[in-house]
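Note sheet for the following structure.
Numbering (my numbering), first residue to last: -15 to 146.
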């Protein structure tokens, strides 16, 4: 049977053969390693205004638009992965898009007030739009951006466009 790039089948690491199945282009959970649960909660709940859907003494989950964001104590996350020294924040940026240019800087300021650190104040990049960057208390980089070509649905889903 010929397989499309989105169809998986076969044997993986000597395991039993897998039935062919279609892969979905989606991400279910993004988990950020953190060092202080209360400090992280303050940043995400007070800064972005997000409501946790679950929390305990190691992890907080936020229901996003189509996926779940988790903030998990780094020590517990590394233990779960059976890897040490894995967490190196700042090598990537997460983005939160807003519906108007005028919303970028006030949100960046609110995130700083909630415990973040300003990396770049809002300005217009050469490719258009308006953006700025802030680091959360664990140095995970967040871009706050407005792109006039991208639409944002009522539930916060962003549609890519050029």
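Quick reminder that beta carbons are idealized off the backbone N, C-alpha and C, glycines included.
Leaving aside the five residues before and after residue 147 along the sequence, list all residues of the same chain whose C-beta is less than 8 Å from its C-beta, in chain order.
Nothing about residue 147 can be read from this structure; the chain reaches only from -15 to 146.
Can you check whether the CB of residue 51 is closer than 8 Å to the CB of residue 14?
Residue numbering aside, residue 14 sits at position 30 when the chain shown is read from its first letter. Residue numbering aside, residue 51 sits at position 67 when the chain shown is read from its first letter. Yes, they are a contact pair.
Quick check on the DSSP output: the alpha helix (DSSP H) that includes residue 23 runs from which residue to which?
Counting from 1 along the chain shown, the entry for residue 23 is found at position 39. Residues 21 to 25.
Here's the rule: buried if 16 or more other CB atoms are within 10 angstroms of the residue's CB, otherwise exposed. What is residue 17?
Locating residue 17 in the chain shown gives position 33, counting from the first residue. By the 10 Å Cβ count, residue 17 comes out buried.
Leaving out five residues on either side along the sequence, give the residues of the same chain with a beta carbon under 6 Å from the beta carbon of residue 38.
For the purposes of this step, residue 38 is taken as residue 54 along the chain shown, with counting starting at 1. Once the five neighbours on either side are set aside, the close Cβ partners of residue 38 are 45.
Where are the alpha helix (DSSP H) runs, 4 residues long or more, that stay fully inside the region 76 to 126, in chain order?
Complete alpha helix (DSSP H) runs here, min 4: 88 to 97.
Taking the DSSP output, what are the residues bridged to residue 14?
Here residue 14 refers to the residue found at position 30 of the chain shown. DSSP lists 53 as partners of residue 14.
Please determine, among 11, 41, 48 and 76, the residue with the shortest C-alpha to C-alpha distance to residue 120.
Counting from 1 along the chain shown, the entry for residue 120 is found at position 136. Of the candidates 11, 41, 48 and 76, the one whose C-alpha sits nearest the C-alpha of residue 120 is 76.
Once DSSP output is grouped into helix, strand and coil, what is the label at residue 139?
For the purposes of this step, residue 139 is taken as residue 155 along the chain shown, with counting starting at 1. Coil, per DSSP.
With a threshold of 16 other CB atoms inside 10 Å of the CB of residue 124, please say whether the residue is buried or exposed.
The residue you call residue 124 lines up with position 140 of the chain shown. Its Cβ being crowded by 16 or more others within 10 Å, residue 124 is buried.
Counting only the same chain and skipping the five closest in sequence on each side, list residues whose C-beta sits under 6 Å from that of residue 49.
By one-based count along the chain shown, residue 49 stands at place 65. 139, 140 and 141, listed in sequence order.
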